[in-house]
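Here's the structure we're looking at; comments come further down.
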Amino acid sequence: MASRTPRLFLIPGAARLAGLALTLLLLPGCSSLFFYPDRVTYITPDRLNLDYDDIYIDTADGETLHGWWLPAEAPENDAKGTVYFLHGNAQNISSHILNVAWLPQEGYNVFTIDYRGYGKSTGDPDIEGALHDVETGLRWLAKRPDLVGDRPVYILGQSLGGALGIALAGEWTRREEQPRLNGVILDGTFSGFRAIAREKLDTFWLTWPLQIPLSWTIPADFEGIDRIASISPVPVMIIHSVRDGIIPFHHGESLYEAAEEPKEFLQTDTPHGATFVIPGYKEAVLEFIAERGDR
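Read in order, the letters of the sequence shown correspond to residues 1434 to 1728 in the working numbering.
Written out as structure tokens, the structure is:
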């Protein structure tokens, strides 16, 4: 399922916008506007004829994260690698699973988690908590050589998940953590939390005056455009659609310009979050990860 934009960016009507503007003025910050979780189970992997295990991970600050492990459809110990999938900002893993449900058939394990406050994960979402959660998930993988082995590990982040993935991959690479990452794929990702907040607030006359002060409530060190270069020398593939009506195309261009080599840019032509509906785009991603599998 396609990830959704924050509701701030969708609410129609001057009356609702006026009410929203007043609400925003009372908020301690606007980072919560990026998170729209729910606890509905939309679909489970078994309904897609996929094997899976429910995974529960305790965080250092007392939350419990829920995730799914989808093993590759390959002989035991013969998977091509593992893709760590970070989903978009709305609903939960059960509404996003179709974005990666095709990978086990291609020989790749998939691991995905719900950030705190999403699905069966406890807590309430915020940017710092979500960043902590995605690192917790990767550390769980690092402690499971029985699942990952010495095979390649990739991060695939969509929309919000891509923004979290940039920060995670950059720090993981800088600290030379193990397992090393073989590639990072960013699909429909915004260039920064402050940047997209200002851009969306700017589109409504009632929220236009608030774009700068509200964006200042988001810590400046979360901007992907400032962090993406630190992923190098891990290869990065940036995917963005010219028809993305949620995160405009220029965000992908900006991230690509800021990234260091090795890097690739895949220009697509689908709605936001619908990249993997198109077989050719799946094939491009498979080629990217296959070429990096022996690094």
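C-beta atoms are modelled at their ideal positions from N, C-alpha and C, and glycine is treated no differently. This structure is a prediction, so every number in the text was calculated from the model and none was measured.
In DSSP terms, what residue i is bridged to
i     : result
F1544 : W1502 and Y1517
E1697 : M1670
D1620 : Q1591 and I1672
T1497 : D1491
P1470 : Q1524
D1486 : W1502
V1586 : T1515
Environment of residue i [buried if 16+ CB atoms lie within 10 Å]
i     : result
I1711 : exposed
A1493 : exposed
Y1489 : exposed
P1666 : exposed
G1621 : buried
H1705 : buried
W1641 : Because the pLDDT of W1641 is 40, which lies under 50, any placement of that residue in the model is unreliable, and the number read from its coordinates should be weighed accordingly. The residue is exposed, with fewer than 16 neighbouring Cβ atoms inside 10 Å.
G1678 : exposed
L1457 : Because L1457 sits at a pLDDT of 46, beneath the cut-off of 50, its placement in the model cannot be relied upon, and the point is left open.
S1648 : The predicted model places S1648 with a pLDDT of 49, which falls under 50 and marks its position as unreliable, so this point remains unresolved.
R1676 : exposed
H1683 : exposed
Q1524 : buried
E1694 : exposed
E1716 : exposed
T1708 : buried
E1609 : exposed
K1576 : exposed
Whole-number beta carbon distance between residue j and residue i, since they are thought to touch under 8 Å
i     : j     : result
L1601 : L1571 : 6 Å
S1663 : G1603 : 4 Å
G1616 : F1721 : 6 Å
Y1541 : V1516 : 5 Å
F1698 : I1671 : 5 Å
H1500 : F1544 : Note that residue 1500 is Gly in the sequence shown here, rather than His. At roughly 7 Å, the Cβ-Cβ gap stays under 8 Å, so G1500 and F1544 are in contact.
S1527 : T1474 : 5 Å
F1623 : I1680 : 5 Å
P1478 : L1503 : 6 Å
Next item on the list: Indicate whether the contact test is met: 3 or more Cβ pairs, each with one atom in the region 1505-1514 and one in the region 1684-1694, closer than 8 Å.
Entry: no
Q: Inspect the CB distances between the region 1576-1594 and the region 1651-1660 and report whether three or more fall short of 8 Å.
A: no
Q. Pairing CB atoms from the region 1572-1586 with CB atoms from the region 1520-1534, are three or more of them under 8 Å?
A. no
* Please list the segments of the alpha helix (DSSP H) lying wholly inside the region 1525-1584, counting only runs of 4 or more residues, in order along the chain. => 1526-1529, 1560-1575 and 1578-1581
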